[in-house]
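Protein chains: 2
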Amino acid sequence: MNLLSFLSRRGTAPVARERLQILLAHERTAFGRSDLVAVLREEILAVIAKHVAIDKDKVKVTMERGDAVSTLGVDIELPDNKVARLASA
Amino acid sequence: MNLLSFLSRRGTAPVARERLQILLAHERTAFGRSDLVAVLREEILAVIAKHVAIDKDKVKVTMERGDAVSTLGVDIELPDNKVARLASA
Chain Y
0 MNLLSFLSRR GTAPVARERL QILLAHERTA FGRSDLVAVL REEILAVIAK
50 HVAIDKDKVK VTMERGDAVS TLGVDIELPD NKVARLASA
Chain G
0 MNLLSFLSRR GTAPVARERL QILLAHERTA FGRSDLVAVL REEILAVIAK
50 HVAIDKDKVK VTMERGDAVS TLGVDIELPD NKVARLASA
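Each protein sequence line maps, in turn, to chains Y and G.
Once you know that position 16 of the first sequence is 15 in numbering that gives the first Met the number 0, the rest is easy, because the numbers rise by one and skip nothing.
Once you know that position 39 of the second sequence is 38 in numbering that gives the first Met the number 0, the rest is easy, because the numbers rise by one and skip nothing.
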């Protein structure tokens, strides 16, 4: 899950590629819901796709399921907004 | 953002309280979309609320906006699923 390195970046200089990362972690009890991360995965991607044109090849999804914690990591490289802005200007 | 401690827990023992945490990080270019995290915030919460009864008092939302990176942290303590299961049994 490279979101940790992503967060520690904290630099102020803009980057070359616009990027959106999501980390979802579900910590369960003995009676916890088992598949919450899997259930939410598609719907969260659908919410993002409503606001940003997503290239399927630029989306990395990782899921890890432990006994007590399940995590979902989504790493999306966003299309160049400059081109989009010039086109709509 | 205590999601990092949450992730490092990785224990196998179930916890007392079921918890869902989301971390959204948007790394912008010079022409990047400015408010993506704010736009996605409400819709992601709405997606979760479709699947889990959320108590507004048990939801902590933190937003940080840097020059190049904006982050959204959502920490939700989920209602006890055991009670829900017994009620529906």
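Quick reminder that beta carbons are idealized off the backbone N, C-alpha and C, glycines included.
Return helix, strand or coil for residue i, following the three-state DSSP convention.
i	result
residue 24/G	strand
residue 51/G	coil
residue 32/G	coil
Could you tell me whether any non-hydrogen atom of the ligand PLP is closer than 7 Å to the CB of residue i?
i	result
residue 29/Y	Here there are no bound small molecules, and the ligand PLP is not part of this structure.
According to DSSP, residue i sits in a beta bridge with which residue or residues?
i	result
residue 75/Y	19/Y, 58/Y
residue 63/Y	70/Y
Going along chain G, which residues have a C-beta under 8 Å from residue i?
i	result
residue 43/Y	43, 46
residue 15/Y	28
For residue i, decide whether its Cβ has a neighbour in chain G, counting only Cβ atoms nearer than 8 Å.
i	result
residue 60/Y	no
Closer than 8 Å, CB to CB, is residue i near chain Y or not?
i	result
residue 19/G	yes
Does any C-beta atom of chain C lie closer than 8 Å to the C-beta of residue i?
i	result
residue 24/Y	No chain C appears in this structure, whose protein chains are Y and G.
Would you please state the rounded distance, in angstroms, between the beta carbons of residue i and residue j? I believe it to be under 8 Å.
i	j	result
residue 76/G	residue 18/G	6 Å
residue 26/Y	residue 67/Y	6 Å
residue 78/G	residue 54/G	6 Å
residue 52/G	residue 28/Y	That pair is no contact at about 15 Å.
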